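Undergrad: Taking the numbering used here, the leading residue of the sequence shown gets 14, the next gets one more, and so forth. The C-beta atom is built at its ideal place from N, Cα and C for all residues, glycine as well. Source: prediction; values computed, not measured.
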Amino acid sequence: MITGLYWHTAYKRPPFSPLCLHKSWRISFTGKLLVIPMDGSHWVGIKAIAEEMGRRGHQVTVVIPEVSVRMGPGKHYRTVTYPVPYDKAYIDSVMSSNQHMMDKDVQPFMERISRKISQFQKIIGLIHTTAESLLFNHTVISQLQQQGFDAMLTDPMVPTGSVMAHKFGLPTINLLRGIPCGLDFKSAGLLEPLLCRLIYWRFDQITAEFLGEDVSVAEILSDSDIWLERIDFTFEFPRPLMPNIVPVGGINCNVRNPLPDVSV
């Protein structure tokens, strides 16, 4: 079991002692951590935790597709790869068109909307294809399930890891930038639920097929044990946080030497 300091508030599983990320605490024994990351800039924070946990003696396994933008092997964790039905050229073209779309600020309104919708569909399609390539790879899933992991670290933006944790019966630790929340705490309007539906409707179908039960992505995410948010409370609007939300801002920043003392 991986030990730590934070207690679990969900009621569907026994209490869970998650990862301890503070350097002043000593780890008395090691555990096995399964990591399902998201590609792109999201990978930076996940990799920092995976490397640190591996450096401290935990057995860390990171599962990534054979083709990706940034993800790859590390010094202190082992990687498990799975095949995907696209190549590096396709990913590069999607990323290039995304950058190209953001650079063109003088497009006509309708053309700009059309391009954004098309690009949105490409990215969502790529995410769904990657998720299906892992979840329905029975060989990889079976091998991972037999290894007896203690916890799952994942990015909830793509709920593949959360769905696998539900299947394996593992406590889930989510790492994300934060939950958008304005100063007035106003309720969501029409656009936010619609956008969530567009992003996750296909994942609800994938989840039901993979698990063989009628459960939604929202239900699975709500059962997460720990939410690590890459925020610093000094830069955020004052607001209450649930007991299982832990601010971890700066964990993926490089450690710099302190400024020298200068006498005037």
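From the DSSP secondary-structure annotation, give me the bridge partner or partners of Glu242.
TA: Leu189, Pro260
Undergrad: If you drop the 5 nearest sequence neighbours on each side, which residues of the same chain put their C-beta closer than 8 Å to that of Val344?
TA: What is shown of the chain runs 14 to 277, which leaves residue 344 out entirely.
Undergrad: Can you tell me the Cβ-Cβ gap for Val171 and Met51, rounded? I've got them flagged as a contact below 8 Å.
TA: 5 Å
Undergrad: Roughly how many angstroms lie between the CA atoms of Ser237 and Val230, to the nearest whole one?
TA: About 11 Å.
Undergrad: Can you look up Pro253 in the DSSP assignment and give me helix, strand or coil?
TA: Coil at Pro253, not helix or strand.
Undergrad: Less than 6 Å between C-beta atoms, sequence neighbours within five positions excluded: which residues of the same chain meet that for Ser37?
TA: For Ser37, the predicted model reports a pLDDT of 42, less than 50, meaning its position is unreliable; a value from the coordinates is still stated below. Closer than 6 Å at Cβ, skipping near neighbours: no residue.
Undergrad: Give me the DSSP bridge partner(s) of Gln134.
TA: BP columns for Gln134 are empty, so no partner.
Undergrad: Check this for me: beta carbons of Ala63 and Tyr95, under 7 Å apart or not?
TA: no
Undergrad: Count the CB pairs spanning the region 199-213 and the region 160-168 that are closer than 8 Å, and state whether there are at least three.
TA: no
Undergrad: Can you name, in chain order, every residue of its own chain whose Cβ lies under 8 Å from the Cβ of Gln120, other than the five neighbours on each side?
TA: These residues qualify, in order along the chain: Arg128.
Undergrad: If contacts are defined as beta-carbon pairs under 8 Å, then Glu242 and Pro260 qualify, I think. What distance do you get, rounded to the angstrom?
TA: 6 Å
Undergrad: Give the DSSP bridge partners of Thr94, in chain order.
TA: Ile77
Undergrad: Please return the same chain residues whose Cβ sits closer than 6 Å to the Cβ of Gly7, not counting the five positions on each side in sequence.
TA: Only positions 14 to 277 of the chain appear in the structure, and residue 7 is not among them; the question remains open.
Undergrad: For the alpha helix (DSSP H) holding Lys294, just list the boundary residues, first then last.
TA: As displayed, the chain neither begins before 14 nor continues past 277, which places residue 294 out of reach and without an answer.
Undergrad: Under the three-state reduction of DSSP, which class applies to Lys45: helix, strand or coil?
TA: Strand, per DSSP.
Undergrad: Give me, in chain order, the residues of the same chain whose beta-carbon lies closer than 6 Å to that of Gly53; leave out the 5 immediate sequence neighbours on both sides.
TA: Counting only Cβ-Cβ distances below 6 Å, and skipping sequence neighbours, we find Val82.
Undergrad: Going by other Cβ atoms of all chains shown within 10 Å of its Cβ, with 16 needed for buried, is His35 buried or exposed?
TA: Low confidence applies to His35: its pLDDT is 45, below 50, so where it sits in the model is not reliable, and the reading given next is rough at best. Classification for His35: exposed.
Undergrad: Verify whether the separation of the beta carbon atoms of Gln159 and Phe181 is less than 7 Å.
TA: no
Undergrad: Pull up the distance between the alpha-carbon of Gly202 and that of Gln134, whole angstroms please.
TA: 23 Å
Undergrad: Find out if the Cβ-Cβ distance for the pair Asn265, Gly58 is shorter than 7 Å.
TA: yes
Undergrad: DSSP state of Met51, grouped into three classes?
TA: coil
Undergrad: Please check the pair Pro169 and Asn187, which I expect to be a contact at CB under 8 Å, by giving their CB distance rounded to whole angstroms.
TA: 4 Å
Undergrad: By DSSP, does Gln72 sit in helix, in strand, or in coil?
TA: strand
Undergrad: Flag this pair as yes or no: are the beta carbons of Leu46 and Val76 separated by less than 7 Å?
TA: No, they are not a contact pair.
Undergrad: Which of the three DSSP states is assigned to Met170 in this structure?
TA: Note: Met170 maps to coil in three-state DSSP.
Undergrad: Are His71 and Thr92 closer than 7 Å when you measure CB to CB?
TA: no
Undergrad: CA-CA distance, Phe248 and Leu254?
TA: 15 Å
Undergrad: Suppose contacts are defined by Cβ-Cβ distances below 7 Å. Is Leu234 in contact with Ser175 by that definition?
TA: yes
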